[in-house]
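Chemist: Using the numbering used here, read the sequence shown as starting at 1142 and increasing by one per residue.
Even glycine gets a Cβ: it sits at the ideal position worked out from N, Cα and C.
Model, not experiment: these values are computed from the prediction.
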Amino acid sequence: MSKKILIVDDEKDITFVLKEFFTSKGYEALVAFSGKEAMGFLNQTGLNLILLDMYLPDMSGLEILREARKTHKDTKIIILTGFSEEYKEEAERMGCDAFLTKPFSVKALIAAAESVLTGKE
1142 MSKKILIVDD EKDITFVLKE FFTSKGYEAL VAFSGKEAMG FLNQTGLNLI LLDMYLPDMS
1202 GLEILREARK THKDTKIIIL TGFSEEYKEE AERMGCDAFL TKPFSVKALI AAAESVLTGK
1262 E
């Protein structure tokens, strides 16, 4: 059974590129373009990884992170942000597993995803 990834980002081009990439690597990739859509996916079981943009049009990534941790304690979460690392400590305190600042390379994202999914650094 393939691992299920939820990609949450309001930048549709980035989201579709990431979806295509992870699908080509054998993952089941779901996408959400808003916090509301992401919250709908949190009702699903079996999410292995959430790639979560910090800033969405309708809510912050921290709000989604908080809700995700209530119901998906074992799901790995990587925060993606185009802003500085000003929220990094708060996100880590709330339970994010990795934090990447945009622009990031695909190689860095893959390394972070594999690291959190396997538990290896």
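1. Contact defined as beta carbons within less than 8 Å: I believe T1164 pairs with L1190. What is the distance between those atoms, to the nearest angstrom?
2. Specify the secondary structure class of S1201 as computed by DSSP and reduced to three states.
3. Taking the alpha-carbon positions, what's the P1244 to G1202 distance?
4. Let's test the definition: count the other Cβ atoms within 10 Å of the Cβ of T1222 and tell me whether it reaches 16, buried, or not, exposed.
5. At what residue ranges does the segment 1144-1231 contain a whole run of the alpha helix (DSSP H), taking only runs of 4 or more?
6. DSSP has F1240 in a bridge; who is on the other side?
7. Short check: CB of V1149 to CB of A1170, under 8 Å?
Modeler: The answer reads as follows:
1. Here residue 1164 is taken as the residue at index 23 of the sequence shown, counted from 1. Here residue 1190 is taken as the residue at index 49 of the sequence shown, counted from 1. T1164 to L1190, Cβ: 13 Å. No contact.
2. Within the sequence shown, residue 1201 is the residue found at index 60, counting from 1. The answer is strand: DSSP assigns S1201 an E or B state.
3. As a first step, residue 1244 must be located in the sequence shown, where it is residue number 103. As a first step, residue 1202 must be located in the sequence shown, where it is residue number 61. When rounded, the distance between both Cα atoms is 17 Å.
4. In the sequence shown, the residue the question calls residue 1222 occupies position 81. T1222 should be labelled buried.
5. Contiguous alpha helix (DSSP H) elements confined to the segment 1144-1231 occur at 1153-1165, 1176-1182, 1202-1212, taking only those with 4 or more residues.
6. Locating residue 1240 in the sequence shown gives position 99, where the first residue counts as 1. In DSSP, F1240 forms a bridge with I1220.
7. As a working note, residue 1149 is residue 8 in the sequence shown. As a working note, residue 1170 is residue 29 in the sequence shown. Not closer than 8 Å, so no.
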